Amino acid sequence: MTTAARRFDTADISSIEFWSQPPAAWDDTFRVLRDERPVSWHKAPEGSLLPTPEDDGFWAVVRHADIVAVSSQPDLYISRKGVQFEELPEDILQATQSIVAMDAPRHLKVRSLVTAAFSPARMEQMRGSMEDEVRRIVEDFATAGDCDFVAKISMPMARWTMTYMLGLETAELDRFTEAITVMLASRDEAEKLGRDRADIVNEVVGLVSQKAVAIAQARRADPQDDVMTDLVQARVDGEGLTDAEISAFFLLLIGAGFDTPRQTISHAGKALSDFPEQRAFLAADFDARSGKAIEELLRWSTPVLTLRRTAARDTELGGRHISEGDKVALFYPSGNRDERVFTDPHTLDLARTPNRHISFGGGGPHHCLGNVLARMELRVLLKELLRRVPDFEVGEPVRVTSNFVSAITRMPAAARG
């Protein structure tokens, strides 16, 4: 079947209006698709950076099993064409998406080079400093009274982690993260303030890339105990990363390594406030229960909403014919609420087992490199938060319209420490 002969599905998951709704509204649509049309053809998303033909679209993959199937076949569903389910200009694609938009064999080599940044030794070295910083963050929250949970908890935690890893000054990191936050949320009119999306993206890429190259050159001349030094010194078969590759990974780190944990922490805080009986269950024996609880909070929050692959050849998925070159979008919130995998998926169960969530991807070679760090951040923070401020309250969040990240910009909170 040619692209032109396909009919777009009646479910609206392409419009800005759809993604501006609360996540509960998405759930209703995804439930219908999971039950009736688990692989369905949809029009191209609104607000793309590049013009798209009227018949252009993507396959929406919404069941857990199909998301895992696509993720585990990287030779069939490739990443080098881009991982957001809109088309990006080639220069922006290369400059922003690093290893997530690479395929074998280059992906395997570059990933092995950057793995040093997330080694067990690096994570363990980081833990003690993180615990000290978390005590300061939580104490500040405990004495703040009515405040913004994002500003007092989520943002400082994510900011500290990135400054520690990258060796940046806090003010410098804030400049980058503010710019990248606007870029990631540039479908939201309130965030882009009337500016053109392409202008926003180009400005951010130029700003961050220039700094990344400068840091890389400085670390070659004067090594430091940080991730940027790990990146410039890493070698596989005598080959290291180029400045362009370091720049792309630097931007990926700030975008994913900063924004994704920030969102996960915000969603976790909201969940623990909304379900006090689950919070009490966790607090009663945190060390014994935190392992399963962290996995459930990751499933519940699902900070990354979608990633895309491209079919390398004709194939079949979920009973539908997929043509070479078709875009295939994976919808992680839907997979994490799939009734075929999770009992009562719309219930927060901090003792849930098994818990085969896909918040770090559906497996395969692109499984999130920072998953160990993300779990450690959440565990260290929640342990201190529940010890020091066990009865904190969180109100309704202010969300950003995005089909890529489930982003919360502000969320009122009251510390009852």
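At position 370 of the sequence shown (counting the first as 1) the number is 370 in the UniProt record's numbering, and the numbers step up by one without a gap.
Note that beta-carbon positions come from the ideal geometry of N, C-alpha and C, so glycine has one too.
The structure displayed is predicted, hence computed values, not measured ones.
Nonlocal neighbours in the same chain, by C-beta distance under 6 Å from residue i, ignoring five residues either side
i      : result
Ala190 : Reliability of the predicted coordinates at Ala190 is poor, the pLDDT of 46 falling under 50, and no value is obtained from them.
Leu369 : Phe118
Leu385 : Val138
Gln278 : Leu348, Leu350
Thr3   : With a pLDDT of 48 at Thr3, under the threshold of 50, the modelled position of this residue cannot be trusted; read the value that follows with caution. Excluding positions up to five away in sequence, the list reads Asp55.
Pro412 : Gly395
Pro223 : Thr229
Pro365 : Pro74
Same chain only: Cβ atoms within 7 Å of residue i, ignoring 5 sequence neighbours per side
i      : result
Gly325 : Thr310, Ala311
Asp230 : Ala116, Ala117
Asp66  : Pro38, Val39, Leu317, Gly318
Thr409 : Val150, Val398, Val400
Leu93  : Gly82, Ala101
Nearest residue (CA-CA) to residue i, options the options
i      : options                        : result
Leu33  : Asp274, Leu330, Glu245, Gly167 : Leu330
Val398 : Asp56, Pro22, Gln125, Ser15    : Pro22
Gly255 : Asp199, Asp28, Asp174, Asp243  : Asp174
Arg337 : His357, Gly318, Gln73          : His357
Leu282 : Val114, Asp349, Lys81          : Asp349
Leu305 : Phe275, Gly291, Asp259         : Asp259
Leu166 : Asp140, Arg127, Ala216         : Ala216
Arg289 : Arg352, Ala171, Arg340         : Arg352
Ile99  : Pro345, Leu113, Ala234, Val405 : Leu113
Met228 : Thr143, Leu168, Ala271, Gly206 : Leu168
His64  : Tyr332, Arg37, Leu241          : Tyr332
Asp196 : Asp274, His321, Gly47, Phe149  : Gly47
Leu381 : Trp160, Gly206, Ser20          : Trp160
Asp140 : Ser129, Met126, Met155         : Met155
Thr163 : Ala293, Ile294, Met126, Pro354 : Met126
Asp285 : Val150, Arg235, Ser334, Arg387 : Arg387
Arg313 : Arg7, Leu76, Ser72             : Leu76
Lys152 : Ser266, Gly57, Asp27           : Ser266
Beta-carbon proximity list for residue i, same chain, < 8 Å, skipping 5 on both sides
i           : result
Pro105      : none
residue 429 : An answer regarding residue 429 cannot be provided, because it is not within the stretch 1 to 417 covered by the chain.
Asp12       : Phe18, Thr29
Gly145      : Ala414, Ala415
Ala268      : Leu297, Trp300, Ser301, Leu378, Leu382
Ala374      : Thr260, Pro261, Thr264, Leu298, Phe360, Cys368
Asn202      : Ile92
Under the three-state DSSP convention, the category residue i falls into
i      : result
Lys81  : coil
Ser40  : strand
Leu307 : strand
Ile408 : strand
Arg235 : coil
Ala312 : coil
Lys192 : With a pLDDT of only 46 at Lys192, under 50, the local geometry of the prediction cannot be trusted, and no value is derived from it.
Arg6   : coil
Arg399 : strand
Glu203 : helix
Glu54  : coil
Glu393 : strand
Ala221 : helix
Ala280 : helix
Ala216 : helix
Ala415 : coil
Thr98  : Going by the sequence as given, residue 98 is Ser instead of Thr. Correct three-state label for Ser98: helix.
Ile92  : helix
Leu76  : coil
Asp27  : helix
Gly257 : helix
Ser209 : helix
Asp230 : helix
Asp12  : coil
Residue i: first and last residue of the uninterrupted alpha helix (DSSP H) it sits in
i      : result
Ile294 : 286-301
Asp243 : 243-252
Phe18  : 16-19
Arg387 : 371-388
Asp67  : Sequence inspection shows Ile at residue 67; the Asp mentioned does not correspond to that position. Per DSSP, Ile67 belongs to the alpha helix (DSSP H) from 64-71.
Boundaries of the beta strand (DSSP E) in which residue i is found, first to last residue
i      : result
Gly269 : Here Gly269 belongs to no beta strand (DSSP E); instead the alpha helix (DSSP H) covers 260-274.
Phe58  : 57-61
| Contiguous alpha helix (DSSP H) assignments of at least 4 residues, all confined to the region 318-365 | 332-335
| field | Complete beta strand (DSSP E) runs within the region 103-187 (minimum length 3 residues, chain order) | value | 146-148
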